[in-house]
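Let me begin by presenting the structure, written as structure tokens, before commenting on it.
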Amino acid sequence: MQSGPKPETVFLGRLLTIADQIQAFSMARKTGEIRVQGVPPPARLALVDGEITDAEFGKLTGLEAAIALIHLGDPPTEFVSGIKPARRTIDVPYIQLLFEAARIRDEQPTHTADATPQPPSLASPTLQFTLHGATKTHSLVPGLYTIGRAPESDIIVADPSVSKKHATIENMVVGVVLKDAASTNGTYVDGERIQKRWLTKRCTIHFGNIPVEFIPPGG
């Protein structure tokens, strides 16, 4: 049985940003992997016929991993052609991925660019709310949190207007994202019902009838 063509590796160094590489390889309908060097593995983006289909960066996978890698700017990279991923974790067109990464970057506070991810700030974003006369504050260290009325929720909001599994909030390298979990009475950010929202500034979230303050690091 004949094997397929041997993968070829092209060392790109810092010639192009990750975003520019995605655009160039996508327009050329390339299949292979962009592998990022100078950061702890895994750090890779997989393309099939020019579309980004999979990404890994540390513990992140899929869209979040791809966005985090794009935000690295222009670290040293290599492109290994002909490799196809074993799974698909990204289903959006590459141009939409680039737009989403740009939008998130524009909403983040200005910081010094670096080729390596920075350690989390000592200060973490927090959620603060008052329920039955008691004020509760939850510090969102990096990770995923479930929010709801159920006792097994990471953040318990014991009110009839809140669903047992109401929402999730995740503090990641690329920012904090809030997602509604098909709740009955909805999740709102500053009065607008949302399904998913990146939280970049102080705002008021409503889980059902319960207002919750999101406070970013530094207030």
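If you read the sequence shown in numbering that gives the first Met the number 0, its first letter stands for residue 0, the second for the next number, and so on. Think of the CB as a built atom: it goes at the ideal place given N, C-alpha and C, for glycine as much as any other residue.
Contact check, F78 vs G31 under 8 Å by CB: the rounded distance?
Indeed, because the Cβ distance is near 6 Å, the residues count as touching under 8 Å.
Rounded to whole angstroms, what is the Cα-Cα separation between A45 and E191?
36 Å
Buried versus exposed call for E50 [16 or more other C-beta atoms within 10 Å across all chains shown]
buried
In whole angstroms, what is the alpha-carbon distance linking P108 and I94?
With a pLDDT of 49 at P108, under the threshold of 50, the modelled position of this residue cannot be trusted; read the value that follows with caution. P108 and I94: Cα-Cα distance of roughly 24 Å.
Under the rule that 16 or more other beta-carbon atoms within 10 Å means buried, what is L68, buried or exposed?
buried
Helix, strand or coil for D48 per DSSP?
coil
Under DSSP, the beta strand (DSSP E) around D179 begins and ends at which residues?
Element bounds for D179: G174 to D179.
Using 8 Å as the cut-off, can you tell me whether the stretch 204–215 makes contact with the stretch 122–138, which would need three or more C-beta pairs spanning the two stretches below that distance?
Between the stretch 204–215 and the stretch 122–138, the count of Cβ pairs shorter than 8 Å is three or higher; the stretches touch.
Per DSSP, what kind of secondary structure is Q231 in: helix, strand or coil?
Not covered by the structure: residue 231. The range shown for the chain is 0 to 218.
Taking DSSP as the reference, what is the three-state secondary structure of L139?
coil
Ordered along the chain, which non-local residues of its own chain (more than five positions away) have a Cβ less than 6 Å from that of H131?
none
Status (buried if at least 16 other CB within 10 Å, exposed otherwise) for R34
With 16 or more Cβ atoms within 10 Å of its Cβ, R34 is classed as buried.
Which one of S25, I21, R148 and T167 has the shortest CA to CA distance from D73?
I21
For a test of the three-state rule: what should DSSP assign to Q194, helix, strand or coil?
coil
How about I89 and D53: do their beta carbons lie closer than 8 Å?
Taking 8 Å as the Cβ cut-off, I89 and D53 qualify as a contacting pair.
Looking at C-alpha atoms only, which residue of R102, S162, I155 and K163 is the closest neighbour of G174?
R102
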